Amino acid sequence: MSEYLSAPIKVSYDVTHRCNLQCQHCRILNSTIAPEELSIVKVKQFVDELSAMKVFVLGISGGEPFIRSDFIDIIKYATKSDVGRIFVSTNFTLINDDILNELSNLKDKLAFKVSIDSIGVYHDSIRGMPGAFDRTVEGIKLAVSHGFRVQVTTTLMQFNYKDIIEIIEFVKSLGVKKHRIIEIIPLGKASFDLVLSDESRRSVWLMFEQNKKRLVQDGLDVTLDMPFVGRSFSEFTCQAGRSECGILPDGSVVGCRLLPNITTGNIKDRAFREIWDDAKSFTFFRELTPDSIKGNCSDCEYGRSCRGGCRAYAIAVYNDFYMPDPRCLLV
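If you use numbering that gives the first Met the number 0, the sequence shown corresponds to residues 0 to 330, in order.
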C-alpha cells in the first residue's frame with residue numbers, strides 16, 4: 000500500500016530550461032532546446048494551489064530563472080502567498096542592484112541558492128563561460144550586502160573533491176550562512192568520468208570530519224550529503240512522490256526532476272491537488288518497497304527506510320529503476 004502525505008512538504012519548479020551557461024554536469028541534457036513554458040497566469044494559479052495546500056517550501060529554479068522576463072513578478076507573487084518559504088536557485092550572473100532593490104521587502108521569506116564547484120578559472124571551465132566565477136561571486140556578495148539569505152551548493156566531482164576544504168573556506172569568506180556539499184550523479188550532461196570513486200568518497204568524508212569543527216565556526220552551517228558513507232544507512236530515502244515532487248517548465252509533474260521522463264500528469268490539464276491526491280500518481284515512487292528492489296534490499300535491516308537508495312543513481316548506472324543504489328556498501 001502506497002504511503003504519502005496529504006500535501007507535499009516541498010515542490011520544486013523549473014520555470015525555464017533556458018540558461019546563459021553550459022555547465023558540464025547539468026541535469027538538463029540540452030538547455031538550448033527550450034520546452035514550452037507555463038504562462039505567468041498559469042504559474043499564479045499553480046502557486047495559489049500550493050498556498051491552499053499549505054506547502055511549506057517552493058523551490059524555483061531553471062535553467063537560469065532570471066532569463067524569464069516575468070520572473071521577478073513570479074517571485075513577488077510566490078512570496079506573497081501562503082507557501083511557507085521560497086528558495087530561488089540562480090547562477091547569480093544576472094543579479095544586480097536593481098533586482099535586489101526590487102525584492103528587498105521580501106527578504107523574510109525569500110532565499111537564494113547558488114553553486115560554486117571550484118575557485119577561479121576551474122569554476123569557469125565547469126560552467127562553460129569565462130568570467131562566470133567572478134560574476135557569480137560578485138552577485139553573492141551583493142545579495143549578502145542587501146541582507147538576503149544565500150545558500151551555496153558545491154557538487155563534488157572526481158577532479159575537485161581534493162579541494163573541498165579550500166572551497167569551504169572560500170565560501171565562508173563570502174558571508175553566507177549555509178554551505179551544502181553534494182556529489183555528482185551521472186545524468187543529463189554529467190559523464191561517468193566525473194563520478195567519485197568509493198575511495199574518493201571515503202576520502203572526502205574523512206577530510207570533512209577532521210576539519211568540520213574548525214569550518215563551522217563563525218556561524219557557517221556546512222553539511223555533506225553523501226549517502227552510505229560515515230552515517231546510518233537508515234537516514235537516506237527517496238521522498239519523490241511521497242513528500243516532494245517537481246514541476247517542469249511545460250507543466251509536467253514528476254516525482255524527481257533528475258528523472259524527467261517519469262511523469263504523472265500536467266498541471267495544464269489537471270489541478271495540481273488532483274494529481275497529488277490521485278492514488279495512481281507517482282506509482283513508481285509511492286509503491287516502491289524493499290521487496291521490489293533487486294538484490295538483497297528486502298533482507299536488509301535498513302530496507303524499509305532506505306528503499307534501495309537513490310532511484311536516479313540506479314537508473315544512471317544500471318538503466319533500471321529497480322536496481323539498488325550502487326553506492327551502498329551492503330549491496
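All C-beta atoms, glycine included, are put in the ideal place defined by N, C-alpha and C.
Bear in mind that the values here come from a model prediction, so they are computed numbers and not experimental data.
#1: Considering only their Cβ atoms, is the gap separating V252 from I261 smaller than 8 angstroms?
#2: Between S80 and I183, what straight-line distance do the alpha-carbon atoms span, to the nearest angstrom?
#3: Helix or strand or just coil, what does DSSP make of M0?
#4: Within this structure, are the beta carbons of R134 and T78 separated by less than 8 angstroms?
#5: Rounded C-beta distance between I39 and I66? I'm assuming under 8 angstroms.
#6: Would you kindly work out how many angstroms separate the C-alpha atoms of I59 and Y301, rounded to a whole number?
#7: Please classify M0 as buried or exposed, where buried requires at least 16 neighbouring CB atoms within 10 angstroms.
#8: Do you know offhand how far R346's Cα is from H24's?
#9: With 16 as the cutoff for other CB atoms within 10 Å, does S280 come out buried or exposed?
#10: In the structure shown, what three-state DSSP assignment does C244 receive?
#11: Would you call the stretch 173–187 and the stretch 215–228 in contact, with 3 or more CB pairs under 8 angstroms?
#12: Would F235 pass as a contact of F283 if the rule is Cβ separation under 8 angstroms?
#13: CB-CB under 6 angstroms to G146, same chain, minus the five flanking residues each way: which ones, in chain order?
#14: Can you tell me where the alpha helix (DSSP H) with R306 in it begins and where it stops?
#15: Going by other Cβ atoms of all chains shown within 10 Å of its Cβ, with 16 needed for buried, is R310 buried or exposed?
#16: Please identify the residue among K108, V136, L109, Q209 whose C-alpha is closest to the C-alpha of V120.
#17: Please classify Y121: does DSSP put it in a helix, a strand, or coil?
#18: What does S88 pair with, by DSSP beta-bridge criteria?
#19: Roughly how many whole angstroms lie between the Cα atoms of D249 and L186?
#20: Can you name the residues that DSSP bridges to D277?
#21: Given a cut-off of 8 angstroms on the beta-carbon distance, is the pair T15 and G62 in contact?
#22: Once DSSP output is grouped into helix, strand and coil, what is the label at G58?
Once the coordinates are examined:
#1: Position 262 of the sequence shown, counted from the first residue, corresponds to residue 261. Position 253 of the sequence shown, counted from the first residue, corresponds to residue 252. No. Outside cutoff.
#2: Indexing the sequence shown from 1 puts residue 80 at position 81. Indexing the sequence shown from 1 puts residue 183 at position 184. One C-alpha to the other measures close to 34 angstroms.
#3: Translated into positions along the sequence shown, residue 0 becomes position 1. Per-residue confidence for M0 stands at a pLDDT of 46, beneath the threshold of 50, marking its modelled position as unreliable; the derived number appears in the next sentence. Reduced to three states, the DSSP call for M0 is coil.
#4: Within the sequence shown, numbered from 1, the residue matching residue 134 stands at position 135. Within the sequence shown, numbered from 1, the residue matching residue 78 stands at position 79. For the 8 angstroms CB-CB criterion, R134 and T78 do not form a contact.
#5: The residue given as residue 39 occupies position 40 in the sequence shown. The residue given as residue 66 occupies position 67 in the sequence shown. At roughly 14 angstroms, the Cβ-Cβ gap does not stay under 8 angstroms, so I39 and I66 are not in contact.
#6: In the sequence shown, the residue the question calls residue 59 occupies position 60. In the sequence shown, the residue the question calls residue 301 occupies position 302. Each residue's Cα considered, the two are about 32 angstroms apart.
#7: Start at 1 with the first residue of the sequence shown, and residue 0 comes out as number 1. The predicted position of M0 is uncertain, since its pLDDT is 46 and thus under 50; a value taken from the coordinates is nonetheless stated next. Exposed.
#8: Summary: the structure shown does not reach residue 346, with the chain confined to residues 0 through 330, and so no result is reported for it.
#9: The residue you call residue 280 lines up with position 281 of the sequence shown. That one is buried.
#10: As a working note, residue 244 is residue 245 in the sequence shown. Correct three-state label for C244: strand.
#11: Touching, per the Cβ criterion.
#12: Here residue 235 refers to the residue found at position 236 when the sequence shown is read from its first residue. Here residue 283 refers to the residue found at position 284 when the sequence shown is read from its first residue. In this structure, F283 does not lie closer than 8 angstroms to F235 by Cβ.
#13: Mapped onto the sequence shown, residue 146 falls at position 147. Around G146: K106.
#14: Stepping through the sequence shown from its first residue, residue 306 is reached at position 307. Looking at the DSSP string, R306 is not in any alpha helix (DSSP H), and its letter there is neither H nor E.
#15: Along the sequence shown, one-based indexing puts residue 310 at 311. Per the 10 Å Cβ criterion, buried.
#16: Start at 1 with the first residue of the sequence shown, and residue 120 comes out as number 121. Cα-wise, what sits closest to V120 is V136.
#17: In the sequence shown, the residue the question calls residue 121 occupies position 122. For Y121, the secondary structure class from DSSP, reduced to helix, strand or coil, is helix.
#18: In the sequence shown, counting from the first residue as 1, residue 88 sits at position 89. Residue pairing for S88: DSSP places it in a beta bridge opposite K112.
#19: On the sequence shown, position 250 is the one that residue 249 refers to. On the sequence shown, position 187 is the one that residue 186 refers to. So the alpha carbons of these two residues sit roughly 20 angstroms apart.
#20: Counted from its first residue, the sequence shown places residue 277 at position 278. Its beta-bridge partners do not exist; DSSP assigns none.
#21: Locating residue 15 in the sequence shown gives position 16, counting from the first residue. Locating residue 62 in the sequence shown gives position 63, counting from the first residue. In this structure, G62 lies closer than 8 angstroms to T15 by Cβ.
#22: For the purposes of this step, residue 58 is taken as the residue at position 59 of the sequence shown. The answer is strand: DSSP assigns G58 an E or B state.
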